[in-house]
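Number 361 in the working numbering belongs to position 361 of the sequence shown; there are no gaps in the numbering.
No residue lacks a Cβ here, since even glycine has one placed at the ideal position from N, Cα and C.
Just below is one structure, and these are the notes that go with it.
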Amino acid sequence: MRIYNTLTRQKEEFIPIVPGEVKMYGCGPTVYNFMHIGNGRTFIIFDIIRRYFEYRGYKVTFIQNFTDIDDKMINKANDEGITVKELGDKYIKEYYQDADGLQIERATTNPRATEYINDIIKFIEDLIEAGFAYEVDGDVYYSTKKFAEYGKLVGQNLDDLQAGARISVDERKKDPMDFAVWKAKKPNEPAWESPWGLGRPGWHIECSCMAKKLLGDTIDIHAGGMDLKFPHHENEIAQSEAVTGKAFANYWIHAAFVNVDNKKMSKSLNNFFTAREILEEYDADTIRFLMLSGHYRIQINFTKELLDSAKSSIERLYNCINNLDNLKSEVSKKDINDQEIGYLKSLDKYREKFIEKMDDDFNTADAISVLFDLTKDINNNVNINSSIELCEKAEALIRELGKPLGILQNHMKKDLETEIQELIDKRQQARKDKDFALADKIRDDLKNRNIVLEDTPQGVRWKKID
Ligand code: AMP
Ligand code: ZN
């Protein structure tokens, strides 16, 4: 497998630390608000990476944190007149509701920063002891100058970074690029006891600390949205590598934004759609299809038109599954024959192609076109003369390849009217074909669902009986 590594700026062969295993950390949400569809894309991408590794037989340990203490959390809690803890509890619950709704598998662990305060304090003590951090009046800063490789993730040195940064002058810092790992308590802020007095952790330190605690000194993959590359991930590297003296993460993966009118979808610009409001109108397969239809390193300009077109695309794939489902109840042959075995074998090329595309830095866009080729082939070759077993195996292959993408695992929900009309049409056709057994079966199946058909001079009518 090849992965584009932000750290080296090239695609590299994936070599796990422990053969057959993947240790992955993804930066999760700050839990002060509902997830928007931009955050959703990033979490869907984490999910696909994790699912695909599992599909390829790896044992994946995936940690995604909740940032439940920072300025945004404190301000929102104060606005709402609740504690930061209550705010966190509320939006973690909402996160799970939306993530489940988007068919995102739960991470192995979702650690909350506030549950690791003691470990964070210890981490900071180690940084101070190693000479990488210093205390000023209850705040503790990381000394960027001490870390010779600072800037390696973004590929710039400290001077360039400083020239490009808009940082406020702070007399207390030794260097303008230094950043807080511990912040002294201000009025109306929650705080914890520490060797530097009451205070709270900075944002970057929580990820360094929890990744180390839950996955070890060096992890295989660290993932996050593109906006986290700098300073968040650069700072995580500086902190972790200063303490352990080892590489922090072997592969860095960054997911591109969802934009609206070419601007990043964000809470601050107020140009966002929540995952929840989109899920009211579109199902998770459709939303995921939209996110997958472009490569994860390419930005998506979000529109409802794109969603509508994703909806009709995913329906085309589901139609193939539905046809196979219908065929299973209509075909008369049960067992597969030699010719069908040969045909099924010929479908293996789609699995191989799918893997080839996904192995190439998770190229979901091309992997999806393989799915379309597969369903086209099946639509052309599996029919009323096929065996039940062939229908089942063809369907199983579509679902197998949908699974790592988190799509095609459901039954397409059709509204009742459409479904019944389709069955009535099918019954009429069966009658024309003099296949009275099938026609009767359709009528009886409907009757079992309390739907009765009446033949009238105007055509077939149906009604629901109680
Ligand atoms: P936040 O809740 O703002 O801390 O963001 C949670 C995750 O969503 C981070 O990994 C961000 O990089 C990512 N993210 C935020 N906005 C967007 C966006 N418009 N498109 C894609 N990912 C985003
Ligand atoms: Zn992080």
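For the ligand AMP, is there a heavy atom less than 8 Å away from the beta-carbon of residue i?
i, result
"Ser266", "yes"
"Met358", "no"
"Val460", "no"
"Asp227", "yes"
"Gln456", "Looking at the sequence provided, one finds Thr at residue 456 rather than Gln. No - the ligand AMP has no heavy atom lying nearer than 8 Å to the Cβ of Thr456."
"Gly197", "no"
"Pro29", "yes"
"Gly57", "no"
"Val84", "no"
"Gly406", "no"
"His36", "yes"
"Gly26", "yes"
"Val258", "yes"
"Thr418", "no"
"Thr42", "yes"
Taking 8 Å as the cut-off, is the beta-carbon of residue i closer than that to any non-hydrogen atom of the ligand ZN?
i, result
"Cys209", "no"
"Gly224", "yes"
"Asn301", "no"
"Cys320", "no"
"Glu236", "yes"
"His254", "no"
"Asn110", "no"
"Asn363", "no"
"Glu125", "no"
"Asn39", "no"
"His233", "yes"
"Asn65", "yes"
What do you get for residue i, buried or exposed, if any count of 16 or more other CB atoms within 10 angstroms of its CB means buried?
i, result
"Lys23", "buried"
"Pro195", "exposed"
"Ile124", "buried"
"Tyr96", "exposed"
"Gly396", "According to the sequence shown, residue 396 is Ala rather than Gly. Answer is exposed; the Cβ neighbour count stays below 16."
"Pro404", "buried"
"Asn39", "buried"
"Lys304", "exposed"
"Lys183", "buried"
"Pro29", "buried"
"Ser312", "exposed"
"Lys212", "buried"
"Val260", "buried"
"Ala133", "buried"
"Arg172", "exposed"
"Glu422", "exposed"
I'd like the list of long-range same chain contacts for residue i, defined as Cβ closer than 7 Å, with 5 residues on each side in sequence excluded.
i, result
"Met191", "At residue 191 the sequence reads Ala, which differs from the Met that was named. Cβ neighbours of Ala191 beyond the five flanking positions: Lys185, Leu198, Gly199 and Arg200."
"Asp359", "Met1 and Arg2"
"Ile205", "Ile120, Phe123, Ile124, Val181 and Gln239"
"Ile336", "Ser387, Glu389 and Leu390"
"Leu215", "Lys23, Tyr25, Thr61 and Ile63"
"Glu21", "Tyr58 and Lys59"
"Phe53", "Val22 and Val60"
"Lys357", "Asn363, Asp366, Ala367 and Val370"
"Asp47", "Ile104, Glu105 and Gly406"
Any chance the CB of residue i is under 8 Å from a heavy atom of the ligand GTP?
i, result
"Val154", "Only the ligand AMP and the ligand ZN can be found as ligands here, which leaves the ligand GTP out of the picture."
What residues in its chain sit with their C-beta under 6 Å from that of residue i, if we drop five residues either side in the sequence?
i, result
"Ala310", "Thr286, Phe289 and Leu290"
"Phe14", "Met1 and Ile3"
How many whole angstroms separate the CB atoms of residue i and residue j, which I take to be in contact at a CB cut-off of 8 Å?
i, j, result
"Leu327", "Val382", "7 Å"
"Asp536", "Asn450", "The structure shown does not extend to residue 536, since the chain is modelled only from 1 to 466, so the question has no answer here."
"Ile219", "Tyr25", "6 Å"
"Pro111", "Asn65", "5 Å"
"Val31", "Ile128", "So it is not a contact: roughly 29 Å between Cβ atoms."
"Asp366", "Tyr4", "At roughly 15 Å, the Cβ-Cβ gap does not stay under 8 Å, so Asp366 and Tyr4 are not in contact."
"Asn363", "His295", "6 Å"
"Ile69", "Thr109", "Actually they are not in contact, since the Cβ atoms of Ile69 and Thr109 sit about 18 Å apart, beyond 8 Å."
"Leu374", "Lys152", "Actually they do not touch by this definition, with Cβ atoms about 42 Å apart."
"Asp325", "Leu347", "Incorrect: roughly 18 Å between the Cβ atoms, too far for contact."
"Tyr282", "Met210", "Their Cβ separation, rounded to whole angstroms, is 34 Å, which puts Tyr282 and Met210 out of contact at 8 Å."
"Arg461", "Glu454", "5 Å"
"Val331", "Ile398", "Their Cβ separation, rounded to whole angstroms, is 18 Å, which puts Val331 and Ile398 out of contact at 8 Å."
Leaving out the 5 sequence neighbours to the left and right, which residues in its chain are closer than 8 Å to residue i when beta-carbon positions are compared?
i, result
"Phe179", "Tyr141, Tyr142, Thr144, Gly202, His204, Pro231 and Asn235"
"Glu80", "Leu87"
"Leu279", "Asp98, Gly101, Leu102 and Ile287"
"Arg9", "Gly155"
"Gly402", "Leu317, Leu371, Leu408 and Gln409"
"Phe34", "Tyr91, Glu94, Asp98, Thr274, Ala275 and Arg276"
"Asn262", "Asn301"
**Message:** Three Cβ pairs or more, each shorter than 8 Å: is that satisfied between the region 251 to 259 and the region 293 to 308?
**Reply:** Touching, per the Cβ criterion.
**Item:** Touch test, the region 148 to 166 against the region 90 to 110, Cβ-Cβ under 8 Å, three pairs minimum
**Value:** Using a C-beta cut-off of 8 Å, the region 148 to 166 makes no contact with the region 90 to 110, since fewer than three inter-stretch Cβ pairs fall below that distance.
**At least three beta-carbon pairs within less than 8 Å, the region 209 to 225 to the region 237 to 251** = yes
**Prompt:** So, do the region 341 to 357 and the region 436 to 448 have three or more beta carbon pairs nearer to each other than 8 Å?
**Reply:** no
**Prompt:** With a cut-off of 8 Å, do at least 3 Cβ pairs link the region 169 to 177 to the region 62 to 78?
**Reply:** no
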